[in-house]
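Chemist: Numbering (the UniProt record's numbering), first residue to last: 1 to 457.
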């Protein structure tokens, strides 16, 4: 039996009405049930589209002209929005962004988790959804003998030369990139050439504390010995005394990974500090620390609310990282146990506990799915388990370990609605019931969404 051909052909011009948006921000329209994904189109719009690829089950198109605009369409304020790809939805007003993200969570829970009829609250947004990122890392290149900095063009490693500013990055961090580039340029420090694996300066990273205003500059170099490096540090310190820390990270490998294994303090301390809701954190060049501290506070307060602690509970925080959620929980719990596979993160977590004089929290290095059964064998019985896994979601063995421990409550913090829905379904099959879910917009202007869900037995 011959399979029917797609109703469209490559390079065909068509008119299309959009009814949905995909997880990566493309508008979705259908022709006789056949979906076409078109970047920069919005639900409710009609547009002229050129078909650029027609697979058997779906195709891709290019937006030529919007003939009927959505009331939610706005002009993207970034001058390189259509080149960069770091943000996907600057052309959508913020009201629509928040509702679309809530629908994304709702749809995933229904289609993947078969979970319906629970409150999925309106997305918690930002008053000002710009200039929120407290970390920026920018590749360095060269053109006509001059250093250039800018994000890579979409699906390439070509630096966008006309990038003026990144308007979702803290202004001080953004400006510091220009300052470092100009000083390095004046000292003839060469840019790294990834094709030939030559040159020196690979990336410039800047981190800052939202509350403390401390600034860390990280110079990622191919070699440890860099001509004029001490001069660069001295000029940088003189021009910008507000800089707290200057770090060199050495990455000699031919790789796309930004940071190498070796880190050296060139000036100041190894850490900068920041606070979230009065809890102080030390942040190194390599620390994982949420990039939107204002929204992180809202996210963690919601997780703490869902944990519903009275002061007598034992809590486990799986995938605890540098202890951010653990320390929030420790304010209200009797005892918190954190587990994380990355040894450096656990070292930071212990430092952060000491920094805040919290002695009711313990941190362990290891795989949560192996450590938790061991804890259970030692007689540790959690009242609440909080889990904040990476995008791939929880390991099946970890879900089973949670079910075996039978806590009264599980709080699931997720950065991926699809894996959240998959894991909630498994936990529901194990006897738990999802009570509610709260989306939090940690990354405005992008398609990413964080969600906190709570389950009870």
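Idealized CB from N, CA, C, for every residue including glycine.
Which value, in whole angstroms, describes the spacing of the CA atoms of residue 39 and residue 25?
Modeler: The sequence position of residue 39 within the chain shown is 39, counting from 1. The sequence position of residue 25 within the chain shown is 25, counting from 1. Each residue's Cα considered, the two are about 7 Å apart.
Chemist: Nearest by alpha-carbon distance to residue 225: which of 254, 22 and 263 is it?
Modeler: Within the chain shown, numbered from 1, the residue matching residue 225 stands at position 225. Ranking the options by Cα distance to residue 225, first place goes to 263.
Chemist: Go to residue 372, then tell me how far its alpha helix (DSSP H) extends in each direction, as first and last residue.
Modeler: Residue 372 sits at position 372 when you count from the first residue of the chain shown. First-last of the alpha helix (DSSP H) with residue 372: 368-377.
Chemist: Helix, strand or coil for residue 447, going by three-state DSSP, please let me know.
Modeler: Residue mapping note: residue 447 aligns to position 447 of the chain shown, counting from 1. In this structure, residue 447 counts as coil in the three-state DSSP scheme.
Chemist: Here's the rule I'm using: 16 or more other beta-carbon atoms within 10 Å means buried, otherwise exposed. How should residue 310 be labelled?
Modeler: In the chain shown, the residue the question calls residue 310 occupies position 310. Answer is exposed; the Cβ neighbour count stays below 16.
Chemist: Assign residue 284 to one of two classes, buried (16 or more other C-beta atoms within 10 Å of its C-beta) or exposed (fewer than that).
Modeler: Stepping through the chain shown from its first residue, residue 284 is reached at position 284. Classification of residue 284: buried, given that the 10 Å Cβ count is 16 or more.
Chemist: I'd like the list of long-range same chain contacts for residue 177, defined as Cβ closer than 7 Å, with 5 residues on each side in sequence excluded.
Modeler: Position 177 of the chain shown, counting from 1, holds the residue named residue 177. 136, 138, 149, 204 and 206.
Chemist: In the DSSP assignment, what are the bridge partners of residue 437?
Modeler: To locate residue 437, count along the chain shown from 1; it is residue 437. Beta-bridge pairing links residue 437 to 120 and 453.
Chemist: Pick from 346, 214, 86 and 183: whose alpha carbon is nearest that of residue 147?
Modeler: The residue you call residue 147 lines up with position 147 of the chain shown. Among 346, 214, 86 and 183, the Cα nearest to that of residue 147 belongs to 183.
Chemist: Mind checking who residue 283 pairs with in its DSSP beta bridge?
Modeler: Taking the first residue of the chain shown as 1, we reach residue 283 at position 283. For residue 283, which the question treats as bridged, DSSP gives the partners 272.
Chemist: Is residue 20 near residue 43, with beta carbons less than 8 Å apart?
Modeler: Position 20 of the chain shown, counting from 1, holds the residue named residue 20. Position 43 of the chain shown, counting from 1, holds the residue named residue 43. Yes; because the gap between Cβ atoms is below 8 Å, this pair is in contact.
Chemist: Suppose you measure from the CA of residue 48 to the CA of residue 12; what does that come to, to the nearest Å?
Modeler: On the chain shown, residue 48 is found 48 positions in, with the first residue counted as 1. On the chain shown, residue 12 is found 12 positions in, with the first residue counted as 1. Going from the Cα of residue 48 to the Cα of residue 12 covers about 10 Å.
Chemist: For residue 241, which of 109, 268 and 399 has the nearest alpha-carbon?
Modeler: Locating residue 241 in the chain shown gives position 241, where the first residue counts as 1. For the residues 109, 268 and 399, the minimum Cα distance to residue 241 belongs to 268.
Chemist: Which same chain residues, not among the five before or five after residue 85, have their C-beta less than 6 Å away from its C-beta?
Modeler: As a first step, residue 85 must be located in the chain shown, where it is residue number 85. 154.
Chemist: Within 8 Å (strictly less), CB to CB, does residue 345 reach chain D?
Modeler: The chain labelled as chain D is not found in the depicted structure, where only one protein chain is given.
Chemist: Work out the CA separation of residue 451 and residue 292 for me, nearest whole Å.
Modeler: Here residue 292 is taken as the residue at index 292 of the chain shown, counted from 1. Here residue 451 is taken as the residue at index 451 of the chain shown, counted from 1. Going by the C-alpha atoms only, they are around 15 Å apart.
Chemist: Can you tell which of 23, 81 and 163 has its C-alpha closest to the C-alpha of residue 107?
Modeler: The residue given as residue 107 occupies position 107 in the chain shown. Of 23, 81 and 163, the residue nearest in Cα terms is 23.
Chemist: In terms of alpha-carbon separation, which member of 90, 383, 41 and 126 lies closest to residue 70?
Modeler: In the chain shown, residue 70 corresponds to position 70, counting from 1. Of 90, 383, 41 and 126, the smallest CA-CA separation from residue 70 is found for 41.
Chemist: What residues in its chain sit with their C-beta under 8 Å from that of residue 2, if we drop five residues either side in the sequence?
Modeler: Your numbering for residue 2 matches position 2 in the chain shown. Any reading at residue 2 must be qualified, since the residue scores a pLDDT of 47, below 50, and its modelled position is unreliable; the value itself is stated next. Cβ neighbours of residue 2 beyond the five flanking positions: none.
Chemist: Taking residue 399 and residue 427 to be in contact with their CB atoms under 8 Å, please state how far apart those CB atoms are, rounded to whole angstroms.
Modeler: By 1-based counting over the chain shown, the position of residue 399 is 399. By 1-based counting over the chain shown, the position of residue 427 is 427. About 6 Å separates the CB atoms of residue 399 and residue 427; that is less than 8 Å, so the two are in contact.
Chemist: Does the ligand MN have a heavy atom nearer than 7 Å to the CB of residue 265?
Modeler: The ligand MN is not among the ligands present in this structure, which contains no ligands whatsoever.
Chemist: Mind listing, in chain order, the continuous alpha helix (DSSP H) runs of no fewer than 4 residues lying wholly within the segment 36-99?
Modeler: Every unbroken stretch of the alpha helix (DSSP H) spanning 4 or more residues and falling wholly within the segment 36-99 is given here in chain order: 81-84.
Chemist: If you follow the beta strand (DSSP E) that residue 248 is in, where does it begin and where does it stop?
Modeler: In the chain shown, residue 248 corresponds to position 248, counting from 1. Segment 243-250, the beta strand (DSSP E) holding residue 248.
Chemist: Would you decide whether residue 378 is buried or exposed? Buried here means 16 or more other CB atoms lie within 10 Å of its CB.
Modeler: Within the chain shown, numbered from 1, the residue matching residue 378 stands at position 378. Answer is exposed; the Cβ neighbour count stays below 16.
Chemist: Kindly indicate which residue of 185, 290 and 119 has the alpha-carbon position closest to the one of residue 235.
Modeler: Locating residue 235 in the chain shown gives position 235, counting from the first residue. Ranking the options by Cα distance to residue 235, first place goes to 185.
Chemist: What are the partner residues of residue 384, as DSSP defines its beta bridges?
Modeler: Residue mapping note: residue 384 aligns to position 384 of the chain shown, counting from 1. Here residue 384 is bridged, per DSSP, to 315 and 409.
Chemist: Run the CB neighbour count on residue 328, radius 10 Å, all protein chains shown included, and call it buried at 16 or more, exposed below.
Modeler: Taking the first residue of the chain shown as 1, we reach residue 328 at position 328. Residue 328 comes out buried.
Chemist: Taking the CB atoms as reference points, tell me whether residue 336 and residue 361 lie closer together than 8 Å.
Modeler: By one-based count along the chain shown, residue 336 stands at place 336. By one-based count along the chain shown, residue 361 stands at place 361. Yes, these two residues count as a Cβ contact at 8 Å.
Chemist: Hey, would you say residue 174 sits closer than 8 Å to residue 79, going by beta carbons?
Modeler: As a working note, residue 174 is residue 174 in the chain shown. As a working note, residue 79 is residue 79 in the chain shown. Cβ atoms of residue 174 and residue 79: not closer than 8 Å.
Chemist: Would you give the residue range spanned by the alpha helix (DSSP H) that residue 297 belongs to?
Modeler: As a position in the chain shown, residue 297 is number 297, starting the count at 1. Segment 293-307, the alpha helix (DSSP H) holding residue 297.
Chemist: Let's see if you can read the secondary structure: which residues bound the alpha helix (DSSP H) around residue 494?
Modeler: Nothing about residue 494 can be reported from this structure: the residues present for the chain run from 1 to 457 only.
Chemist: To which residues does DSSP link residue 17 through a beta bridge?
Modeler: Working through the chain shown from its first residue, we reach residue 17 at position 17. For residue 17, which the question treats as bridged, DSSP gives the partners 46.
Chemist: Going by other Cβ atoms of all chains shown within 10 Å of its Cβ, with 16 needed for buried, is residue 339 buried or exposed?
Modeler: On the chain shown, position 339 is the one that residue 339 refers to. Residue 339 should be labelled buried.
Chemist: Tell me which residue opens and which closes the beta strand (DSSP E) that residue 156 is part of.
Modeler: Taking the first residue of the chain shown as 1, we reach residue 156 at position 156. Note, residue 156: premise wrong, no beta strand (DSSP E); not H, not E.
Chemist: What number of angstroms, rounded off, separates the C-alpha of residue 266 from the C-alpha of residue 330?
Modeler: By 1-based counting over the chain shown, the position of residue 266 is 266. By 1-based counting over the chain shown, the position of residue 330 is 330. Taking C-alpha positions only, residue 266 is separated from residue 330 by approximately 35 Å.
Chemist: Short of 7 Å in beta carbon distance, which residues of its chain neighbour residue 209, apart from the five on each side in sequence? Order them along the chain.
Modeler: By 1-based counting over the chain shown, the position of residue 209 is 209. Cβ within range, chain order: 272, 273 and 274.
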